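Written below as structure tokens is the structure these notes are about.
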Amino acid sequence: MKQSTVGRVITKYFSIEDDLKLSSGKTLSNVELAYETYGELNSAKSNAILVCHALTGDAHAAGKYTGNKNEKPGWWEMVIGPGKALDTDKYFVICSNVLGGCKGSTGPASINPETGEKYALDFPIITIEDMVHAQKKLIEYLGIDKLYAVIGGSMGGMQALQWTVSYPNMMKKASIIATTARSSPQQIAFNEVGRQSIILDNNWNRGNYYDQEKAPRSGLAVARMIGHITYLSDASMYQKFGRDLQDKTELSYDFTVDFEVESYLHHQGETFVKRFDAN
Numbered sequence: 289m290k291q292s293t294v295g296r297v298i299t300k301y302f303s304i305e306d307d308l309k310l311s312s313g314k315t316l317s318n319v320e321l322a323y324e325t326y327g328e329l330n331s332a333k334s335n336a337i338l339v340c341h342a343l344t345g346d347a348h349a350a351g352k353y354t355g356n357k358n359e360k361p362g363w364w365e366m367v368i369g370p371g372k373a374l375d376t377d378k379y380f381v382i383c384s385n386v387l388g389g390c391k392g393s394t395g396p397a398s399i400n401p402e403t404g405e406k407y408a409l410d411f412p413i414i415t416i417e418d419m420v421h422a423q424k425k426l427i428e429y430l431g432i433d434k435l436y437a438v439i440g441g442s443m444g445g446m447q448a449l450q451w452t453v454s455y456p457n458m459m460k461k462a463s464i465i466a467t468t469a470r471s472s473p474q475q476i477a478f479n480e481v482g483r484q485s486i487i488l489d490n491n492w493n494r495g496n497y498y499d500q501e502k503a504p505r506s507g508l509a510v511a512r513m514i515g516h517i518t519y520l521s522d523a524s525m526y527q528k529f530g531r532d533l534q535d536k537t538e539l540s541y542d543f544t545v546d547f548e549v550e551s552y553l554h555h556q557g558e559t560f561v562k563r564f565d566a567n
């Protein structure tokens, strides 16, 4: 039976030689991007697809790092692989952790070469344009002049859209999924509430928590819960949860979790803090 997965994969790292100029006018030196590839680049180098991940994603889009059957595969395992939508028998698929991320690419938890300490809040603000600029450097490093496609959803879709603006001649097509060209006032508002939930956590310490025993996990969990509310419409929440109770038949009449939707949000927050950096 033909294997429908890309199998074992490894994370690779690419270092940008020159300083990277950012939209803010600031520069970053010693920038490194974590990335993974699936499939083979053809001799014409014409079959490359760049997959851009969403806000809390990473470079691990498909496959597994070990042969352990209990290991969770990449986040787009259903889409990337032999015979799948992004068929790795045909295409060379690339996915990198965004600049400013916390899964291998240079970000707030990286060492600032000027101080020898972690950047924390000294790390400059990164824009979608900056993320795409860094991705372009990776594509050039891989020897690819023109991508067959750039694909992404949510914040990944914003990156794909930015590719069409910044480097239209370096791509043949784009697949832009569930995204927008800019954040709406409501999105900006939700982002600010999520940010404040982290800042107001007693363990935040103005972002200088890396050497502390405790990180601002409570604030980060609440921010994730807020995020997941924005990922679902009111109608989809009714369809998924309704007003069903979680493992009980009567209301508790206290502040414990009663409803399935509450349990869902708490689960998302609790699992998120184990893999993501609040900065």
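Going by the numbering used here, the letters in the sequence shown line up with residues 289 to 567, in that order.
Using N, Cα and C, we set each Cβ at its ideal position, and we do this for glycine too.
On a predicted model such as this, the values are computed, not experimentally measured, just so you know.
DSSP three-state label for residue i, please.
i    : result
D542 : coil
K352 : strand
K406 : strand
G369 : strand
I298 : coil
F547 : strand
G440 : strand
Y552 : helix
E328 : coil
D377 : coil
K320 : It should be noted that the sequence gives Glu, not Lys, for residue 320. Correct three-state label for E320: strand.
K309 : strand
A347 : coil
V386 : coil
L426 : helix
I416 : helix
T559 : helix
I304 : coil
Pick out whichever of the options has its Cα sitting closest to the Cα of residue i.
i    : options                   : result
S312 : T415, Y526, A462 and A469 : T415
A503 : K352, V549, R563 and D522 : R563
I382 : I517, G295 and L430       : L430
L374 : P401, N385 and A437       : A437
H516 : T537, D546, T452 and F478 : F478
V339 : F302, T315, W451 and I399 : W451
V453 : K378, E417, E305 and S331 : E417
K333 : P473, I432, D489 and T299 : I432
I413 : G404, T537, L310 and I304 : L310
K300 : K314, S384, G327 and H555 : S384
W492 : T544, S471, N400 and A566 : A566
Q474 : Q500, L449 and Y519       : Y519
N330 : K378, F543, T559 and T537 : K378
Q447 : M419, K461, N457 and E428 : M419
One question on the structure: do residue i and residue j come within less than 7 angstroms of each other, judged by their Cβ atoms?
i    : j    : result
G233 : A408 : Any property of residue 233 remains undetermined from this structure, which presents the chain solely from 289 to 567.
F380 : A336 : yes
A347 : L387 : no
G369 : S292 : yes
L435 : M459 : yes
Q527 : S551 : no
V319 : L308 : yes
Y498 : K406 : yes
D569 : E548 : Given that the chain is displayed from residue 289 to residue 567, the structure contains no residue 569 and the question cannot be resolved.
V367 : E324 : no
G557 : M525 : no
W363 : G389 : no
T376 : G445 : no
P401 : S317 : yes
Exercise. Whole beta strand (DSSP E) runs in the region 442-525 with 3 or more residues, listed along the chain?
Worked result: Qualifying beta strand (DSSP E) stretches, in chain order: 459-465.
Problem set entry | Validate contact between the region 349-363 and the region 385-402 using beta carbons, cut 8 angstroms, 3 pairs | The region 349-363 vs the region 385-402: no contact.
Problem set entry | Cβ contact (3+ pairs, closer than 8 angstroms) linking the region 474-492 and the region 501-514 | Contact holds: three or more Cβ-Cβ distances are below 8 angstroms.
Exercise. Quick one: any contact between the region 465-474 and the region 432-442, if contact means 3 or more CB pairs under 8 angstroms?
Worked result: Touching, per the Cβ criterion.
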